[in-house]
Each structure stands twice: as C-alpha cells, then as structure tokens.
C-alpha cells in the first residue's frame, strides 16, 4: 500500500463509465469527451455500442474511432476498455452469429399446448398431467428479432457458436487495435451472457442446447430425453433430474463460454471483466444462467450490475466478492447507477458506492455517459452522468473520493472467518418454470428468503462472511491447520443455511473439517440437508454439527463466538448500529476498517469499539489526508465516537502510517463528524441570486402530421415516439406543431433548442422562417454557442419573432431515424448519408421568467426576476438545468478565529463555496460544513455559494404519476400512457439558509 496514492490514486482505480457510442461518431468529439472525462477524474471508459448507433458496429469507421480513443487514452493517462457486443446480451455479435448456422441459435425446452406448437418447435415428448395432453418441445429461436439486429440470441453452451462470436468480435479488435492490448486497452467487458433469455418466453421454458443430450448422458449415465417431464412436473425422483439438468447446463456454459472467453483474454493480454445475466437471486440465476459464482473463476476482474436507486442486492455483491477474495482476483467491478433517474445526486452515488464497497466492490463502472442525448438516447435507462449535467464541473467530488476508496479496498486481504455454503443446488432440485404462477413458493418462499435473511443479518451484525460455491469448492477447497480453505481464504466456522441437498464432495470436505476442527464449528440452520447430490441420504448428514432452528439462534451463537469483533453502537437507540456496514482488511502496513452508513436519510451517532490498543489513524477519503484518531483505550479496545451523516463513511487504519496533521478536524467531508462545531452563530441573510445559465421552457405537447395526414393533436410527445414517429417509414414527410404562450414579452434574446434542427426542411415561428445555427449534417466537437446542453440540441434564434399570447412553432422534415422500439435500433445502411430527424420536446431558452398555474400550464412571463432562493422552481425557473450563484456579505471580526460555513435546508446536487473570490471547496453530500478559517478578514467579506441542479426537471420523466417514488427508471417509464398526467412533478432546487459558526 502506497500512502501517497491515497491522495491521488492511479487512473486504474478511478471510475470508468459505460460510454454510450450511440450516434454517428466524430473523432474530434470523441477526443473532446475523453478530455472531459480525464479532467473530471475518471480513469477510463468502456466504448459501448448503445441504442441509436449510426456508425457501423465493428466497421472500418468504428475501428478508426476505437484507435483514436486508444491514442487519446495514451495522451490523457486514461484507459480505453472494449465492450464485446452491439447492445446486449453478449454473444450474438450484432446478429451475425445466429445467421451463420441454425445450430448456433438459442434453444429452449418449452411446454406447449397443441395449438401453440410452431414451425420452430420440435416435439420431444407428450405428457398428460391430468389436465390434458401437453407437449415438451425444443424451440429454436427465429431470426428477425429486432433486439438482435435481425438475428437471435445464441446457444452459449455450444462451443462452435461461442467460437464464432469470438472470431467475429474479439479477433476483429485484435486485428484492428491489438497493438494497444494490455496497455491503453486493458480489457474487455462482457455483458449479461446467459443460457436462456427467459424473459422473452411467454410459455414455461428451460435452457437447452444441441450439445446437452450427449453431455448429460456422459456425465449422469442416463438419457435426459427420458426424464423431460420431471423438469416441469413433480414426478418421482424429480429433484435428482432437475439437479443433474442444471448441473450440466451450468457446466456447458462454464466450459464453452466463460472458460473459452477467459482463456482468449489471458492469451491476448486482456482482462476479462463484466457481469452475467440475472445474478441477483437463487431462482433468477437458476432460470437464466444456472449458477453465477463458478463463472467468476474465469474472469480477470469479475463483476456484477447494480441497477436502481436502492440497496437491494446484498447477495449479488457478496457472491462476486467472495470468489474474488478466495481466488485472489485483483478487483471487483460493479456496473452501477443505471435506472437511478436523472436526479441522482452525489449523495445517492456515494450512498450506493459506499454500500457496495463495504461488501467488496473496488471498480466503479458508472452507467451511463451518453455521447449523444438526442431522441431515444436520453431515455436509455438514465441517469446520464456526463457533460450535459449541470453539476458536471464538480464531478471530482465523487470521482476522487471513489478512487481513494477503491484503491484502499484493493490493498491487502479481507478479514473473514465465516463461510456460508451457497444453496443454489437446492433451488436447482426444486425449480420448475410452472412454479412462476405461485411466486416460486418453494424456491424463494422457503429457501431463498431464509438465505437472504441470514446474509443480511450477518452483515448487519458485522459477522463478515464469504459464500462457498460448491462447484468452486470442488476444485479449490481443502482442510489445513484446523481451517477449511477455499482458495487462499481459511475459515474457522462454516454455516449451512436452510437447504435440502449438498454435493458429495462438499459432505466429504465438511466431514474432514469436523474431524480436524470439531463438528461444533459447523452450524446448520433448519431446514437441514437430507439429500446428497439430490438423492435421499441413508442417514443424517453431518450429524454432529450444531443445529439451530432459526436465524435469531444462528446470529446469537455467532455473536458469542465472535464477541471480540468490531462493534458499533447506535447511541440514540442504544443497540448495535445495524445500518453501519464494515469492511476490514489486513495489509503489510496494518489493518484498515471502512465503515459506511447505509441509511441516506438519518445520521447515526455511534460508539465504535475496535480490538486494538491504539495507534489508530483516520484517513479522510475526501482528500486523502491522514490524522490521528481521537479516542481512548478501554479494557484493551480502542473506542472512538463518530456521528455518521446520512450516507456518511469513515476509514480507520491501525498501524504505522505518517499523519498529515496532529489535529483531527471536527468533521470530514466524507460525511462523518467527531465534534459538532459550537460557538457564536451568525445567520447569513440578504442573499442575491444570479442564475448562471439561460432559463428554459420545454414544450412537451405536439401536433403531428405524417405524409400530410393529421395523426395526433396537441398530445404529450411521449405518445408520438413509439406509436407513430418511429414506426413510420424512413422518407416519410412529417410536420410537428408546438404551441406555447407568452404573457409578457421578454427583452432578452430567445432561441429554440431543437434536436437535429439542421436536418429539417423548414422551421417556422408564428409563420416566419427561422434558421438553425448549424448546417445540414454538421458534426464536430460540442460548441455551446450553437448547441444547448448536447451536441445534437441545435439552437435556432427566435428573437424578434415572439408575440404576446399564443405562439406556434412548426418543424417540417423527412423522417430519418434508426430507432425501432424502446432501447432498440436497426443498422443504418449508409451512415454517411444519414441525416437524422426527431420529434421530441422543443426547448425555448433565454433569460426570461416562466410562470405556471398549478404545475399544469406554463408560460413565458417577461424578463427573469428572482427574489427568493429557497426554491427556484417557484422563482420562475421550474425547468432550469444549471447553476445559481448566491451572494451575500458579512461584516465582523474573524481574523484568528476558527470559522465554519454551514449550509442549512437545501435541495441541490452540489454546492461550491467562495470567500472573497477564493474557492474553498465543493461538496455534494452532508455535512455541507465548510472550514473558512483564515479566509475571512476583519470587516466586510463577500460569500458566494454556487449551487447546481440536475437534468430531471428539464428531461424527466416528470409527467409520470408517482415518479418521486420510482426507484427504477427505464425507457418504458417515459412512455406508459396510463401513468402520464397533466401535472408536472418538479424537484425543488435551492438553498433556504446558511450560517457562520465561530469559535
């Protein structure tokens, strides 16, 4: 561990986003965007084909762009990561693999009624379950699926299909940019490969492969074709058949996709990273991948995804971090923040990022940074974390913090002494797709829910653990010196959660462990296993092991056994602080303790007790500075008091590392307070507010004509996209009419921002022709003088053409667009002659005031005039997407005193503070306490606070009922007619109060 790197970690430890290549790519704009990322503290970017791509995927221009980005990576000290697919899931190579051979297409075992059997279904057997005859068939995926660019998904258990995928994709990259492998291009991301796209089937379905029958017979000694009904119905011996079936499916996927892929990457000096489909639950992964943990063995830096604005995937993170720790993988990736919504803040990102770091994630792969936001692209599972956001200038608030955290938690070895066996085999033996109708009562209701509860309770009680995957244990587990090892990690305690079956290899290993360490170190939680390899055992399994009846008993037993562990007490509630997660690592320089408050609403005042006798340091992850911890030793333990802000965190280090100062600050910007600043309080008043960007009024209702025919009149624009505009044939003439009202004409310049305005045939305001500031087909780097927010939001001057009352803006053009559905596009045949057009919201921009009636009707109301600062949505800026500078003066005697500026009630993404023109700091999460000591002079001082908002109020979805409670935003969230309302939901933006605290 290099202490200096804590302050400024290398690029490899910094966040690297999914960089959405989603339009016609321009090299100069690509390089500009890389410069933006490097400047804001990002370490790299995954060059990722996303919805809307115009440049031919893997074509000559694409490869030239990849090469240009690799060269720019060299210049900026960043890393250009590859991504292996055109959209996702990985494997179909933009539709090319399935087109090569029918045997390469995905196959499924489906249960059908007679009238459901189609030309792509091969009947394997019929079954009469008492309700009539049904047929078990092998269904081969049809070509023509738009999701796969007219192809289909592939059979990932078929080695020839996987070879074709690698030859088309990876070998093409090797030929074009192989000189950068292992240097500027460190690795490749594989995204959501699976054995069955289960969600695409509306009938009971299981994975199948042309390779499965022979492999099953060779491994299991009987023909699966003779037992197919057992996979759906509870016939005698069904548990064994299902266990064997999913065991074979997992083996084939493991050997023919993951191992093959991982081997290719290692041979070509690339890191295989990414994640698999449906890692999240026992049933979910059974359906889609069989079991996910065994695949991580073959990845260089294994990963997961974490979608939504919540903390719901504890098991998912522990699965991947367990294997990474056991098999000594350098890093654990998480694709994170997708679907969290455009209003996600620095606080939200820190909250989620700290939670996943406490569980073992050390590589932040942010979802998503959009090359272009035009059309459907802006709805691509937002948020968009990039230059279009108003807070972008302060991105280092998060990127520097995250880099330090990921660097620290990549050092040394995690301290874990408990192994929890993973019960995926039990769920295999019980799973049937027919159980979906009762919510998988057995798989989830009996086994899954108890497993999730045990996992959560262990973490909450700081009883850290790893999962033991039985397939990985088969090759990597052994008993040594009284411990059970998986890879390099040894465990003194093994917990067997409720399950029905264990593998014979696992039972043999546990029996050896019991002889070496004592059976009392194996704890079984009811339901106890009574099957071996899904066959009823002759007698009790591990009969000397400790048996507990429920999770409470399990936690109580472990609490006593590990009484000397780290303890954190919630001093308000006087009980263990269960929402403070802990990650402990041992390094050559000492031991680190990372604590994260996983509650983003409540501050938690704690007493932390470490099994240490002193020499404890505090590492401030907001700047990397090191301080001596302020605490005391009691009964051989080090006690420190810390008040965690909502989503706050604390890094402690026990060992000999140099401190930057002998005085521990009262509070750290990472969200923890050791001592509340108390003293003379001066409330800051008489603020003046100055918006730093133009105001904006989005026009979200439209009248549409296609080929001269009226289609819709004055309807929400979301009704247009997938019902009318995108389905229209390219080449169709269209006209879109937008209306807006002006109560009082502003004196400022006014413009409209229209997506791809330069490619329209005509733009009129109140019958007068107006011209965009770009030429038809014009590309090039982003220029804010001609574009608004995004490269494709082109400005069209309207000054002098507005009138009081109703104004009509008309656009006419030829439909040219490659979007074919939410999140889907088709290949553009001639990108050089593709001049895209869109029918989207139009943005009227200028320094005017916007007035509303009940958040339903909005109109321009003269020049901008701001009188308050608590909520700018009530100050004529309801849709504003920018920054506001708040200024005041304060008079007093400050020299020689410790002074803090505290921001009070607020609604913002981040805030930057300036005193007498000097920048103090930018903060994006609590405590929003700025040390301004030494910056104030005796007499009059000027204080500026620059606050930023997000894109949410401008781009939404903000006309959707209950959007304020929506934790998962997808393209479909924008277009659900049943949820659209006339009333806008707008998030507050402002700063209500602030004060100086002087000691």
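In this note's numbering, the protein residues as written are 4 to 1002.
A virtual CB, placed ideally from N, CA and C, is assigned to each residue, including glycine.
By the Cβ neighbour-count rule, residue 612 is buried, with 16 or more other Cβ atoms within 10 Å of its own. When beta bridges are read from the DSSP output, residue 366 appears opposite 336. Linking residue 727 to residue 72 through their CA atoms gives a straight-line distance of about 37 Å. When DSSP states are grouped into helix, strand and coil, residue 450 belongs to the helix group.
Residue 21 has 49 as its beta-bridge partners, per DSSP.
Three or more Cβ pairs closer than 8 Å define a contact, and the segment 195-202 falls short of that threshold against the segment 414-428. Taking residue 921 as the centre and dropping the five residues before and after it, the same chain places the C-beta of 938 closer than 8 Å to its C-beta, in chain order. In the three-state scheme derived from DSSP, where H, G and I count as helix and E and B as strand, residue 120 is classed as coil. Looking at the DSSP output, residue 304 sits in a beta bridge with 276. Between the alpha carbons of residue 736 and residue 765 lies a gap of roughly 11 Å. Here residue 575 is exposed: its Cβ has fewer than 16 other Cβ atoms, across all protein chains shown, within 10 Å.
Of all C-beta pairs linking the segment 248-255 to the segment 169-179, fewer than three are shorter than 8 Å, placing the two stretches out of contact. Where residue 700 is concerned, the enclosing beta strand (DSSP E) starts and stops at 698-702. With contacts defined as CB atoms closer than 8 Å, residue 62 and residue 102 fail to qualify as a contacting pair.
Collapsing the DSSP output to three states places residue 171 in a helix. Collapsing the DSSP output to three states places residue 401 in a helix. Judged by DSSP secondary structure, residue 269 falls within the alpha helix (DSSP H) whose first and last residues are 263-270. By the Cβ-count criterion, residue 364 is buried, with 16 or more other Cβ atoms from all chains shown falling within 10 Å of its own Cβ. For the 8 Å CB-CB criterion, residue 655 and residue 435 do not form a contact.
With respect to the C-alpha of residue 619, the residue from 610, 605, 641, 767 having the closest C-alpha is 641. Per the coordinates, the alpha-carbon of residue 784 lies some 40 Å from the alpha-carbon of residue 323. Note on the segment 723-789: there is no whole alpha helix (DSSP H) run with a minimum of 4 residues. Around the beta carbon of residue 329, a 10 Å sphere encloses 16 or more other beta carbons of the protein chains shown; the residue is thus reported as buried.
Distance check between residue 214 and each of 206, 204, 226, 207 places 226 closest, using alpha-carbon atoms only. DSSP places residue 531 in the coil class of the three-state scheme, outside both helix and strand. Residues of the same chain with a CB within less than 7 Å of the CB of residue 450, apart from the 5 flanking positions on each side, are 285, 426, 429, 430, 501, 502 in chain order. For residue 108, there is no enclosing beta strand (DSSP E), as DSSP gives it neither H nor E. Proximity of the segment 845-863 to the segment 661-670 falls short of the contact definition, fewer than three beta-carbon pairs being nearer than 8 Å.
Comparing C-alpha distances from residue 158 to each of 129, 292, 599 shows the shortest one belongs to 292. In the three-state scheme derived from DSSP, where H, G and I count as helix and E and B as strand, residue 97 is classed as helix. Relative to residue 678, the option among 43, 855, 669 whose CA is nearest is 669. Nearest neighbour of residue 558 by Cα position, chosen from 635, 465, 472, 794, turns out to be 465.
In terms of Cα proximity to residue 906, the closest of 33, 931, 513, 890 is 931. For residue 926, the enclosing beta strand (DSSP E) has its first and last residue at 921-926.
If the five residues before and after residue 782 are omitted, its C-beta is found closer than 6 Å to the C-beta atoms of 29, all from its own chain and listed in chain order.
Taking the Cα of residue 5 as reference, the smallest distance to any Cα among 484, 413, 393 is reached at 413.
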